[in-house]
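Undergrad: Here it is, the structure, as structure tokens.
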């Protein structure tokens, strides 16, 4: 998204604000949402427009998330066209898809012309094929070409992410030349930019000058004296990698080059913030076994995203049940074992999930690689042992007292220590292995870890009990 | 952190790079880490310094995370002082604490003078009281005052986060006045800035001018014509709220004002990226029951952070066991129930965690409030019912066939549907309730949700079985 605002446009106590859309926490107030719902129910278009027209596009997108699909459609009808345009890139995927289906293609074509190339492309890529064709056909050649070329890059690549508008200067210019050029060419340049990219005669970036540095230098200073080393993003780089580079080096903007090293665009930090949030959202949801879903997802889409994981879990739970059934004879003799066995598996599952989550997070932030993998593994194993030695006496004594049988206490305590060691092992090794095999370590790790701790929890506890108690 | 780099300083194929510290993915290579470890083991200080001196501070911090505590201390000894200074704010908390303990206070005092006030304060706040006093005493008055004033604000507030260096201009200036001032005052200004804040005679911000807009305007244009509405962050605002505002409105920088509305500092987006990552990290770890820990945490610290949650879980598991023990007589008669009961609780726990995670995430991104809470709840309930109606026949038929008893199939199927409805209910209501009560919805939600689904899973399954089968 490139309509970066350098200043905060609407806010609770701003003099520019004429109604109370936002609460003190800068989120839309339920009272405001209520007003919009009322106006939509009454079909009161003028009142709706009055409520909507002063909102920031980000707040309109937010509002849409709070509404039902029916109310969203009424709101879309009454949104001023330029506000609709700015709102489209801000919407949740599911809601954008729904909105795109309802807006006439000529309105869309007009709206998209208002956007920077990266935002327009991000919207167009969500369209169905026939709609995309009709919308693009209704746009001026130059805008269409920019969008088509952007869509030519892979999804989630720097090519898709970049904006084609940037400020470049030849290496022999000085500060004065550059400022004069910016003043003359103002309209061609992006609305906001943060760095000037210095290029060689083949249009390859050789350095960057932050514009605050340009501003503080005398007109006669050559750019080559001000520039710092710059390292290019390539068009085919994955957006997650781009985000990592921005985050690590605290970048505000970076030049994007094609395969020949020529400057073709730039990525700015505001896009990166979105990507970081997106990647974090994916990680946290995947760990819980939830496919991507948002407020615009239908119940069918949500169920389709969640049931497979539950079904796999059902399969692993059956595996756990199979272990138990193997010991049916033991349980028949000592029913207390049936009472106690879920304790062993539950704590194992929780400890495994702790180790797993820490490991997944460390992999995602690249804090874990082969330099420290072995050390991390040993550390988790020691943590598992320590957890076990702390918790086992608790449950051992409690179970022994309850069952009036010291042996049962010893069995459950021992089983717990062993299962916590297994939890630490699978908790660390599962995501590391998935990552080595180039799979997303967050996906399906959790199901495997809890399946393993259930399986071994039952096996060790009931197995030990069979040996010791019978 | 305000030593924002506008360009990427070191990278794999950069001409400025003279050794292969970074891999293609911009992360340190295990081979480079190995070289550092070897040099540290050999006590070869010159070689160490050669390896380290060209690294970006972010990469030094990264390197420290991959080393053992012993190797870290050797590296710290050989880091050039200015690189040490820039590295301090980049370190993981646990590692920074450890490094601070080992560096002489005069070295620290010198290092801190190199940093912007917010970075220096962030480092000083980690020190033990007596070290802090000695380090501050060794610093020049002006630097000490800046740090002390920063530490006067609450932790995690905008006051802590802001840098005191910014560029402000009176409202009657034009573009030319502003550029001339920047050129003259260059040294006083922050190294990088992105917006010029226009202030009234009482030093209250009345607007902001992105410097790219300044650059493209003629010298005679008054700032008042260029400025956009700006909304201030107040010094006591929580950093999470500041991050939300930046993210929502795609801000690059924002002015910070004191209680009287006077401009006292600015927050820049690069700090926000760190905060977003920190908050996400907290959420994901807390959902798994892990207190804050990082690569610098000792085993004791890690165990101390994880055992409480496991202990609580042990308590809830005992509660589940109590339910089972209530049905001991039933299990004695039909041992198959002991085999099947963990299936009902496991699937309930997983479905509950799915609903919980989605809800926690929606609360964190403020996508869920009282406007859509009821709708969200109903949606999850319908999803839970749908999940149940899909999965219950599977397990019902399988269990019925295995036990050679249709009634057992019916009981487990019914129990599963009911437990999935309970899972949806607690999965949504637990985080919403915690959030209403101003608790962090991520903390301890998971333990409560799985405790509930275990409890009711056992209760419904064994209860139904007792009624139907006996």
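Residue numbers (this note's numbering), protein chains in the order written: chain A, 24 to 493; chain B, 24 to 493.
Cβ atoms here follow ideal geometry from the backbone N, Cα and C, with glycine treated the same way.
1) Taking the alpha carbon of residue 75/A as the point to measure from, which residue in 55/A, 431/A, 413/A has its own alpha carbon closest?
2) Can you give, in chain order, each stretch of the alpha helix (DSSP H) that sits fully within the segment 377–438 of chain B and has at least 4 residues?
3) Measuring only the C-alpha atoms, how far is residue 250/B from residue 198/B?
4) Have a look at 372/A, 388/A, 423/A and flag the residue whose alpha-carbon is nearest the alpha-carbon of residue 474/A.
5) In the structure shown, what three-state DSSP assignment does residue 110/B receive?
6) Indicate whether at least one CB of chain A lies closer than 8 Å to the CB of residue 30/B.
7) With contact counted as at least three CB pairs below 8 Å, one residue from each stretch, are the segment 331–339 of chain B and the segment 334–343 of chain A in contact?
8) Counting only the same chain and skipping the five closest in sequence on each side, list residues whose C-beta sits under 6 Å from that of residue 242/A.
9) Measure the Cβ-Cβ separation of residue 384/A and residue 304/B and say whether it is below 8 Å.
10) By the criterion of Cβ-Cβ separation under 7 Å, what are the contact partners of residue 376/B in chain A?
11) Give the interface partners of residue 168/B over in chain A, defined as CB-CB distance under 7 Å, in chain order.
12) Span of the alpha helix (DSSP H) holding residue 219/B?
13) Just to confirm the assignment: which complete beta strand (DSSP E) runs, minimum length 3, are found wholly within the segment 157–194 of chain B?
14) Mark residue 485/B as exposed unless 16 or more other C-beta atoms lie within 10 angstroms of its C-beta, in which case mark it buried.
15) Mind checking who residue 47/B pairs with in its DSSP beta bridge?
16) Look up residue 31/A in the DSSP assignment and say whether it is helix, strand or coil.
17) Among 145/A, 161/A, 153/A, whose alpha-carbon lies nearest the alpha-carbon of residue 176/A?
18) I want to verify the contact list: residues of chain B whose CB lies under 9 Å from the CB of residue 79/A, in sequence order.
19) Considering only residues of the same chain and omitting the five flanking positions on each side of residue 416/A, which have a CB-CB separation below 7 Å?
20) Just verifying my parser: in three-state terms, what is the DSSP assignment at residue 305/A?
21) Give a yes or no on whether the minimum CB-CB distance between residue 164/A and chain B is below 8 Å.
22) Is it a yes or a no for the segment 439–453 of chain B touching the segment 392–408 of chain B, going by three-plus beta-carbon pairs under 8 Å?
23) Measure from the C-beta of residue 95/B to each C-beta in chain A and report whether the shortest distance is under 8 Å.
24) Residue 183/A CB to nearest chain B CB: under 8 Å?
25) Is the CB of residue 262/B under 8 Å away from at least one CB in chain A?
26) Pull up the CB-CB distance for residue 258/B and residue 180/B, whole angstroms please, since I reckon it's below 8 Å.
27) Within the segment 283–353 of chain A, note down every full alpha helix (DSSP H) run reaching 4 residues or more, in order along the chain.
28) Any Cβ of chain A within less than 8 Å of the Cβ of residue 394/B?
29) Can you tell which of 462/A, 101/A, 86/A, 90/A has its C-alpha closest to the C-alpha of residue 70/A?
30) In three-state DSSP terms, what is residue 66/B?
31) Give the residues from the segment 351–373 of chain A that approach chain B closer than 9 Å (Cβ to any Cβ), ordered along the chain.
32) Can you check whether the C-beta of residue 215/A is within less than 8 Å of a C-beta belonging to chain B?
33) Mapping the DSSP letters down to three states, classify residue 244/B as helix, strand or coil.
34) Between which two residues does the beta strand (DSSP E) holding residue 229/A run?
35) What does residue 278/B pair with, by DSSP beta-bridge criteria?
TA: If we stick to the structure as given:
1) For the purposes of this step, residue 75/A is taken as the residue at position 52 of the first chain. Nearest option by C-alpha distance: 55/A.
2) 396–426
3) For this step, residue 250/B is matched to residue 227 along the second chain. For this step, residue 198/B is matched to residue 175 along the second chain. Rounded to whole angstroms, residue 250/B to residue 198/B spans 11 Å at the Cα level.
4) Along the first chain, read from residue 1 onward, the residue named residue 474/A stands at position 451. Here the closest residue by C-alpha is 372/A.
5) Taking the first residue of the second chain as position 1, residue 110/B is located at position 87. Residue state, collapsed to three classes: helix.
6) Position 7 of the second chain, counted from the first residue, corresponds to residue 30/B. Its pLDDT being 41, under 50, residue 30/B is placed unreliably in this model, and the value from its coordinates should be taken loosely. Output row for residue 30/B: interface = yes.
7) no
8) Position 219 of the first chain, counting from 1, holds the residue named residue 242/A. Here the set comprises 198, 199.
9) Position 361 of the first chain, counted from the first residue, corresponds to residue 384/A. Position 281 of the second chain, counted from the first residue, corresponds to residue 304/B. Yes. Within cutoff.
10) The residue given as residue 376/B occupies position 353 in the second chain. Within chain A, the residues near residue 376/B are 311.
11) Indexing the second chain from 1 puts residue 168/B at position 145. What residue 168/B touches in chain A: nothing, since even the nearest Cβ is about 25 Å away.
12) Reading the second chain from its first residue, position 196 is the one you call residue 219/B. That residue, residue 219/B, is in no alpha helix (DSSP H); its beta strand (DSSP E) goes 218–222.
13) 191–193
14) As a working mapping, residue 485/B is identified with position 462 in the second chain. Flag for residue 485/B reads buried.
15) For this step, residue 47/B is matched to residue 24 along the second chain. Looking at the DSSP assignment, residue 47/B forms no beta bridge with any residue, so it has no partner.
16) In the first chain, the residue the question calls residue 31/A occupies position 8. Only weak support exists for where residue 31/A lies, its pLDDT of 42 falling under 50; the value from the coordinates is given anyway. Here residue 31/A sits in coil by DSSP.
17) Locating residue 176/A in the first chain gives position 153, where the first residue counts as 1. For residue 176/A, the nearest C-alpha among the options comes from 145/A.
18) Mapped onto the first chain, residue 79/A falls at position 56. Ordered by position in chain B, the residues that pass the 9 Å Cβ test against residue 79/A are 271, 272.
19) Stepping through the first chain from its first residue, residue 416/A is reached at position 393. Same-chain partners within the cutoff: 436.
20) Your numbering for residue 305/A matches position 282 in the first chain. If DSSP states are grouped into helix, strand and coil, residue 305/A belongs with the helices.
21) Here residue 164/A is taken as the residue at index 141 of the first chain, counted from 1. By this cut-off, residue 164/A is not an interface position.
22) yes
23) Position 72 of the second chain, counted from the start, is the residue given in the question as residue 95/B. Not one chain A Cβ lies under 8 Å of residue 95/B.
24) Counted from its first residue, the first chain places residue 183/A at position 160. So, not an interface residue.
25) For the purposes of this step, residue 262/B is taken as the residue at position 239 of the second chain. Cβ-Cβ to chain A under 8 Å: no for residue 262/B.
26) Along the second chain, read from residue 1 onward, the residue named residue 258/B stands at position 235. Along the second chain, read from residue 1 onward, the residue named residue 180/B stands at position 157. With 8 Å as the limit, residue 258/B and residue 180/B qualify as a contact, their Cβ atoms being about 7 Å apart.
27) 292–310, 322–349
28) As a working mapping, residue 394/B is identified with position 371 in the second chain. Yes, its Cβ sits closer than 8 Å to a Cβ of chain A.
29) As a first step, residue 70/A is located in the first chain; it is residue number 47 there, counting from the start. Ranking the options by Cα distance to residue 70/A, first place goes to 101/A.
30) Translated into positions along the second chain, residue 66/B becomes position 43. Correct three-state label for residue 66/B: coil.
31) 351, 352, 354, 355, 358, 359, 360, 361, 362, 363, 364, 365, 366, 367, 368, 369, 370, 372, 373
32) Translated into the one-based positions of the first chain, residue 215/A becomes position 192. Residue 215/A counts as touching chain B.
33) Along the second chain, read from residue 1 onward, the residue named residue 244/B stands at position 221. If DSSP states are grouped into helix, strand and coil, residue 244/B belongs with coil.
34) Mapped onto the first chain, residue 229/A falls at position 206. Note, residue 229/A: beta strand (DSSP E), 228–233.
35) Reading the second chain from its first residue, position 255 is the one you call residue 278/B. 289/B, per the DSSP bridge assignment.
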